[in-house]
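Okay, structure first, notes after.
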Amino acid sequence: MIATQCEQPREALLPARRRLNSGARRDRGSLPIIKVNVVILGASQVGKTAIASQFLWNKFYAERYKPTVEDFNWIEYTMNGGEETLLFELIDSAGSRDFLAMRKLYMSTGDAFVIVHAVDDRASFEEAKELREQVRCLNTKDAPVILVTNKMDLLHDGVIQRRAVSQEEVIEYANSHNCRWIEVTAKEFSSVENIFQTLFAQKLLSYQEYKSLKKRRQSMPLPQPPPSRASGKTGRSASASEVSQSKSSSSCILS
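Numbers in my numbering are just positions in the sequence shown, counted from 1, shifted up by 140.
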């Protein structure tokens, strides 16, 4: 489901798109270049990296949790019948609060935002709300935001019996804070693709432009580390629910 109250009129499309001159990067010829920078935000262990990997490479990594510091990837598309080039940059940000300066930079410069929380973690939803407020304060581009409820497979497969946050509460929040909402499982490409198609349709690309995209080239995934041989030690970082006891609520202050 998608909260649709904040849908923008068609004439409001594209203000976040940045055109670069044709010499901005090598081997692009003389095609006009459009650059879109999308930032994925959320608490630790909500599936940010899984969403990015699924969208970029159609892969779901089920190995043990490995905290992300920062992953930067890109896809280059041709669009409008080859008349233009779209450079799509995707930043998978750290969930840890140890990297607040980097997070602040992403929030102020991003063209669009994907804010993720987990269906089984109430604290991750509370952190998602904090992140939405910080984006509102720091970003002057009126950048589109989509709120993503991830790990829906846990509910569908009976691993959990109920949501940590009701649909009604999430929809009410999304509608009142000018963002769209969608439920996904990072295990399925079609589910994840819907995030970005919905995001683009808000302000970045029209539906027709999105459908005209043809992938030209992209960054490659880093090699995955082998599974740990240590028993009982996963090296995981604290989850959102674990850090919620020690954090104080913030408005636009990142310190």
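Ideal placement from N, C-alpha and C gives every residue a C-beta, glycine not left out. This one's a predicted model, so the numbers in the text were calculated from it and none came from an experiment.
Could you spell out where the beta strand (DSSP E) holding residue i opens and where it closes?
i, result
"A252", "252 to 258"
"K175", "173 to 182"
Cα separation between residue i and residue j?
i, j, result
"E333", "K244", "26 Å"
"E229", "R320", "21 Å"
"N213", "N315", "30 Å"
"K343", "F253", "12 Å"
"K355", "T225", "10 Å"
"L227", "I215", "6 Å"
"I174", "F336", "16 Å"
"A263", "P172", "43 Å"
"Q307", "N220", "37 Å"
"L353", "L345", "10 Å"
"A370", "L278", "Note on A370: pLDDT 42, under 50, position unreliable in the model; the coordinate value appears next. Their Cα atoms are separated by approximately 42 Å."
"I180", "L240", "14 Å"
"V288", "T280", "22 Å"
"E266", "G182", "10 Å"
"R166", "I300", "Confidence at R166 is low in this model, with a pLDDT of 40, below 50, so its placement is unreliable and no value can be given for it."
"L196", "Y217", "12 Å"
"V305", "E223", "45 Å"
"G250", "E309", "27 Å"
"D260", "V176", "31 Å"
"E312", "I322", "13 Å"
"K291", "K327", "8 Å"
"Y201", "I191", "10 Å"
"T189", "H317", "25 Å"
"M360", "I231", "14 Å"
"E270", "K351", "33 Å"
"N198", "S331", "11 Å"
"R357", "H296", "35 Å"
Would you list the one or two residues that DSSP bridges to residue i?
i, result
"N213", "L230"
"L240", "According to DSSP, L240 bridges with nothing at all."
"Q358", "I215"
"E224", "M219"
The alpha helix (DSSP H) with residue i in it runs from where to where?
i, result
"K188", "188 to 197"
Pull up the CB-CB distance for residue i and residue j, whole angstroms please, since I reckon it's below 8 Å.
i, j, result
"Q194", "F340", "Incorrect: roughly 17 Å between the Cβ atoms, too far for contact."
"A258", "V324", "With 8 Å as the limit, A258 and V324 do not qualify as a contact, their Cβ atoms being about 11 Å apart."
"V275", "M242", "No, V275 and M242 are not in contact; Cβ-Cβ is about 14 Å, not under 8 Å."
"T338", "I255", "Contact flag wrong, Cβ pair sits at about 13 Å."
Open item on the list: Could you tell me which whole beta strand (DSSP E) segments of length 3 or greater appear in the stretch 266 to 354?
Closed with: 285 to 290, 320 to 323
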